[in-house]
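Quick note: the sequence shown, position 204, residue 204 per full-length UniProt numbering, numbers continuous.
Take a look at the structure below.
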Amino acid sequence: MLNKLNYFQRLVFTGLAFASFSLGGLLLTLTVFPAISIFSKTEEKRINRTRRMVHFCFRFFVFMLRITGILNCDVYDRERLKDDKGRLIVANHPTLLDVVFLISMLPKAQCIVKHELWDSKYLGGVMRAAGYIRNDGNPEALFEQCKQAIEQGHDIVIFPEGTRSVPGKDLKFQRGFANIAALVPCDIQPITISCLPPSLAKGQKWYEIPPKKMQFNFWVEEQLDIQAYIGHQPRSKVVRKLTRDLEQHFSGKVSHG
């Protein structure tokens, strides 16, 4: 009886959480972001303040998920995120909430997002106001945006899979992140994410919650020095090796839980 009651409680709170997330994005777009724009003298200040606001909102959202009993969250070696030097934050992508957690940890983060979010009725305004990068843009323009963000000391959150993982299937990384790292050039900060029991994965609906509370774990690993890869090798070889090494690294971490 208690298990059923707990399940129903988490289901209700999960629905309320996702509804408030969407409506909150719309509210920020209509009220807070215009105010930030009015009181910001430059475009850079406006975007920085907007991203910081998104960061605090995501932190609050994660806090609400925890106190309502939807999930627990542990971050290991979090101090490695304190480096102010711009770098690529590269992570696997098991759930719908991964980017929310990562931005809640990174006050100045830039992010490469799916183009569908830009057209979202509820979240599109947030994406545009924060100046996040569309993943379907002109490759040269995308690279320039990434280069500018790194040079300004911003981290860039990117999921090399390009979409959420499919439970039970091997990870398959695209080469975009490796091209950015090699061309800018910039170091890579790997973060391994796990969620048990598996939930909010690709193909799963928000209401398909697990029988018990989700446990999210984030392992902030040692930073990869891109110069150790570049050397005097052709860029194409660097990109292939970097993609292969990171794919194998994350696959090993994920398979061992």
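Glycine included, each C-beta is placed from N, C-alpha and C at the ideal position.
Taken in chain order, the complete beta strand (DSSP E) segments of 3 or more residues contained in the UniProt domain "Phospholipid/glycerol acyltransferase" (87 to 196) are 88 to 91, 110 to 113, 156 to 158 and 188 to 196. Beta-bridge analysis with DSSP links Asn72 to Gln215. Leu65: member of the alpha helix (DSSP H) spanning Glu43 to Ile67, first to last residue.
Taking all protein chains shown into account, Asn135 has 16 or more neighbouring C-beta atoms within 10 Å of its C-beta and is therefore buried.
Judged by their CB atoms, Arg10 and Gln223 are not nearer to each other than the 8 Å cut-off.
Membership of Ser37 in the alpha helix (DSSP H) is indicated by the continuous run Phe33 to Ile38. Cα atoms of Val239 and Arg175: separation of roughly 7 Å, rounded to the nearest angstrom. When DSSP states are grouped into helix, strand and coil, Leu200 belongs to the coil group.
Taking C-alpha positions only, Cys146 is separated from Glu43 by approximately 17 Å.
Taking C-alpha positions only, Tyr229 is separated from Pro211 by approximately 44 Å.
Taking Phe143 as the centre and dropping the five residues before and after it, the same chain places the C-beta of Ile180 and Leu183 closer than 7 Å to its C-beta, in chain order. Within 10 angstroms of the beta-carbon of Ala109 lie 16 or more other beta-carbons, which makes it buried. Rounded to whole angstroms, the separation of the alpha carbons of Arg46 and Ile156 is 18 Å. With 16 or more neighbouring CB atoms inside 10 Å of its own CB, Arg49 falls in the buried class.
For Gln233, no alpha helix (DSSP H) segment is defined, and its DSSP state is neither H nor E. Look at the beta carbons and you see the segment 57 to 64 not touching the segment 165 to 174: under three pairs across the two are nearer than 8 Å. For the pair Asn92 and Leu171, the CB atoms are nearer than the 8 Å cut-off.
Taking a C-beta distance under 8 Å as the contact criterion, Cys57 and Phe216 do not qualify as a contact pair.
Checking the DSSP bridge columns, you'll see Leu224 partnered with Ile188.
Taking C-beta atoms under 8 Å as the contact rule, Val90 and Phe177 qualify, at a distance of about 6 Å.
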